[in-house]
Amino acid sequence: MNKVFLAIIGVVVVVGGILAFGIFFTVHQTQQALVLQFGNPVRVERDPGLKLKMPFIQNVLFFDRRILDLDPPAQEVILTDQKRINVDSFVRYRIVDPLEFRKKALNDSNFRQIFGARLNSAVRAEVGKVLLGDMLSGKRDDVMQRITAALKSQAPQFGIEVVDVRIGRTDLP
Numbered sequence: 011m012n013k014v015f016l017a018i019i020g021v022v023v024v025v026g027g028i029l030a031f032g033i034f035f036t037v038h039q040t041q042q043a044l045v046l047q048f049g050n051p052v053r054v055e056r057d058p059g060l061k062l063k064m065p066f067i068q069n070v071l072f073f074d075r076r077i078l079d080l081d082p083p084a085q086e087v088i089l090t091d092q093k094r095i096n097v098d099s100f101v102r103y104r105i106v107d108p109l110e111f112r113k114k115a116l117n118d119s120n121f122r123q124i125f126g127a128r129l130n131s132a133v134r135a136e137v138g139k140v141l142l143g144d145m146l147s148g149k150r151d152d153v154m155q156r157i158t159a160a161l162k163s164q165a166p167q168f169g170i171e172v173v174d175v176r177i178g179r180t181d182l183p
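As structure tokens, then:
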């Protein structure tokens, strides 16, 4: 009787441990979490701390709340005066809506590809309107502000906030 009781207690402890491991998850202060139930979004957890989920039914995706960088490869742009330059640009952004981010991009690598193409398109459109001398003068800041405005208008549909856009380097090919 005593051995059977200990075996039952042991099984209960093991099963309880497995369930406890599957019930709790921790949201770090630099993260936000999207809880999925059978792959469908249920809720967003933005506050740090210990959270609950239903084991085996729900899983959790974590998204960074810090400012992130997107640095696509440099591209060649034709200016108004028909000169070619290589432009290397980058954008700093923050994920503000994990649900919308997941709907549009599914994951970080898809987002980098999609939004990187939009960054390159905005850079080509705005840099292509200026002369080479303008890119070397104070008008460069105006170009960056126009690129930032173009990307900020597209950002909410991805669930992000564009913090900054910079042209890091311009070279002749």
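Anchor point for the sequence shown: position 19 equals 29 in our numbering, and the numbering is continuous, going up by one each time.
Note that CB positions come from ideal geometry on N, CA and C, so glycine has one too.
Where residue i sits in the DSSP three-state scheme
i, result
"R104", "strand"
"V172", "strand"
"D91", "coil"
"R56", "coil"
"K113", "helix"
"L146", "coil"
Span of the alpha helix (DSSP H), counted from its first residue to its last, around residue i
i, result
"I157", "K149 to Q164"
"I33", "N12 to I33"
"G126", "D118 to V137"
The ligand ATP heavy atom lying under 7 Å from the CB of residue i
i, result
"A135", "Absence of the ligand ATP is noted for the structure shown, with no ligands found whatsoever."
Inter-residue Cα distance where the pair is residue i and residue j
i, j, result
"F48", "L116", "15 Å"
"P166", "G32", "33 Å"
"V133", "R104", "20 Å"
"I124", "L29", "39 Å"
"K113", "V22", "40 Å"
"R142", "S131", "It should be noted that the sequence gives Leu, not Arg, for residue 142. Between L142 and S131, the C-alpha separation is close to 19 Å."
"L146", "V97", "12 Å"
"V52", "F35", "15 Å"
"V54", "V45", "6 Å"
"D144", "E136", "12 Å"
"M154", "A127", "17 Å"
"I19", "N69", "29 Å"
"I177", "R122", "17 Å"
"L109", "R56", "12 Å"
"R179", "V173", "19 Å"
"G169", "V106", "6 Å"
"K149", "Q164", "23 Å"
"G26", "T40", "30 Å"
Enclosing beta strand (DSSP E) for residue i [first to last residue]
i, result
"V45", "Q41 to Q47"
"D79", "L78 to L80"
"L71", "Q68 to D74"
Whole-Å CB distance - residue i paired with residue j, under 8 Å assumed
i, j, result
"F66", "A43", "Not a contact, Cβ separation roughly 18 Å."
"L80", "L16", "L80 to L16, Cβ: 57 Å. No contact."
Check your understanding: Is it a yes or a no for the segment 88–102 touching the segment 56–68, going by three-plus beta-carbon pairs under 8 Å?
Key -> no
Review point. Would you call the segment 67–81 and the segment 152–159 touching, i.e. three or more CB-CB distances under 8 Å?
Key: no
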